Each structure stands twice: as C-alpha cells, then as structure tokens.
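Below is one structure, written out as structure tokens; comments come after it.
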Amino acid sequence: MNAKRFGLASLCAAVLVTLLAQPAAAQSVSAELITGLNEKLLVVAIPITLLVEGVLIYAVFKFKNNDEPQPTKENRRLEISWTIATAVILLFVGVASYGVMANESVGVQTGDVDIGENDVLVEAEGYQWGWNMHYPEHNFTKSGAGSGPTVVIPKNQEVYFRIVSQDVIHGFHVPELGLKQDAIPQQQNYIKTNVTETGTYQGYCSEYCGLGHSKMYFTIEVVDQAEYDDWLAQQNSGSA
Ligand SMILES: [Cu+2]
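The sequence shown begins at 34 in the working numbering and counts up one residue at a time.
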C-alpha cells in the first residue's frame, strides 16, 4: 500500500470512528455545547493521530533494513505546508474552544449578573461537608444529610446557580448537565443553564475539601413548569 492510499484509508477510518462515536443527546444547553466542542475537536484529532501513527509505522518498516541511511534533504515546500497547516488547526481549536468556554452556560460569571424576571436563581452554598441550596427569590433553603439536598428546577427555563462557599474551596459539579464550577469563599460564581430533559441528576463536590468530601452529594430534579410551581407553593406554605 503506498503512502497516498494509506492516508486515504486512515481518513476514511477516522470519519467512520467519529460517526460511530456520536454521544447520546445532551440534557442541557451546557452539556450540548461541551459535547459539540468535543465532537469538533475529535474530527480534527482522530485523522491527525492516524496520519502521524501511519507515517511512523510506514517509516519503520520501509527503512528498517537500510544499512546506509542518508539524512533527509531540506524540503522548503513541505516545511511551509506543515507550518501553515498547524497554524490553521491551532486557530480552529482556539476559536472553537473560546466560543464554548466564554459562553455563559459553560464559563463562570462573577460580580453583577443580570438575572431576568422569569429566570430561576438557586444559591448553592458549599460547607464542610454538605450543601445548602437557597432560593433567594422565594426565601427558603433546602439542606439535607445523607444523599444531600434536592434542588428542584423547571425544564426549558433559564436557571442561574450562584455558587458560594462558607469555608474552603468546594466544587459544584453535575456531570450529566455539563455543570462544573468552583465554590470559593468570599466570591460569587454564577453559572447559567437551561435543562431540556426532565429527570433526576446527581451532583457532587468536585474539589477535595477534607474528610467528608466524598459525601457531599446533592440532587437536581428537573420537572415541568406546572410541577415546579406546585412545588414552590408547597415550600412557601411551610408544608415541606
Ligand atoms: Cu469537596
């Protein structure tokens, strides 16, 4: 097999692998952005990996019995080509990553954040070792030992999490929803999301914070708007 054919075969294999590796639909806008970026980067990374490994294996076999190896002559055209190709790839990776990292549904926002009238705000306060989930717009707090507090939020609605800490650095992390943000003492970190699927999602502390770190669980329950309104009414009437 000559080098051209091998290159073509590698590219076809890469496209096939990328198509077969389609992940399940994302459950929130944050997770969608992150998996979308991951797919884009894979489309670039897999062909490069196969090409480099292919050239390496080809060279090993082609030249293994060469008793009088000669140094490769300078090839300016080849050098300019790979320099430009690398620059283009790095630019693509940089622009694509910045587009996601700078998005308010993935990156952190600090300081004053403009929260809309219909948006839901939940303050997640980490402490050694657990979480207090405040609903500042409605004046109640969910806490809980064992499996931790349950945060109820409506589906298809802009939700802001204000992440704070009472003592040391903790991490607010809900893998399935693509949410991860540090809880830093004396700082307010906001992360915004919009969950598109109802369901129950497990949350963790992602920053090692001492003995009870591994027990810092919480649950996020995503429900329809009507169910959310009922739940809110129950909290406010003090029956929960
Ligand atoms: Cu922790």
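Yeah, the Cβ is synthetic: ideal placement off N, Cα and C, and Gly gets one too.
Everything numeric in this text was worked out from a predicted model, so none of it was measured.
With respect to the 8 angstroms criterion, residue 214 and residue 141 are classified as neighbours on the basis of their beta carbons. Looking at the DSSP output, residue 96 sits in no beta bridge, so it has no partner there. Contact between the region 252-262 and the region 216-225 is absent: fewer than three C-beta pairs spanning the two stretches fall below 8 angstroms. For residue 138, there is no enclosing alpha helix (DSSP H), since its DSSP letter is neither H nor E. Taking all protein chains shown into account, residue 164 has 16 or more neighbouring C-beta atoms within 10 Å of its C-beta and is therefore buried.
Within the model, the alpha-carbon separation for residue 129 versus residue 85 is close to 23 angstroms. Segment contact: the region 86-94 against the region 144-158, fewer than three CB-CB distances shorter than 8 angstroms; contact not assigned.
A Cβ-Cβ distance of about 14 angstroms is found for the pair residue 167 and residue 265, leaving them out of contact under the 8 angstroms criterion. Under the DSSP assignment, residue 264 falls in the alpha helix (DSSP H) whose first and last residues are 258-269. Setting aside the 5 residues that flank it on each side, residue 73 is surrounded in the same chain by 129, each with a C-beta closer than 6 angstroms to its C-beta; the list follows chain order. Residue 186 is a Cβ neighbour of residue 228, given a cutoff of 8 angstroms.
With respect to residue 114, residue 211 sits apart: the two C-beta atoms are not nearer than 8 angstroms.
Annotation for residue 172: no beta strand (DSSP E) segment contains it, and DSSP assigns it neither H nor E. In this model, residue 216 and residue 117 are separated by some 41 angstroms (Cα to Cα).
In this structure, residue 240 has its CB closer than 7 angstroms to one or more heavy atoms of ligand 1.
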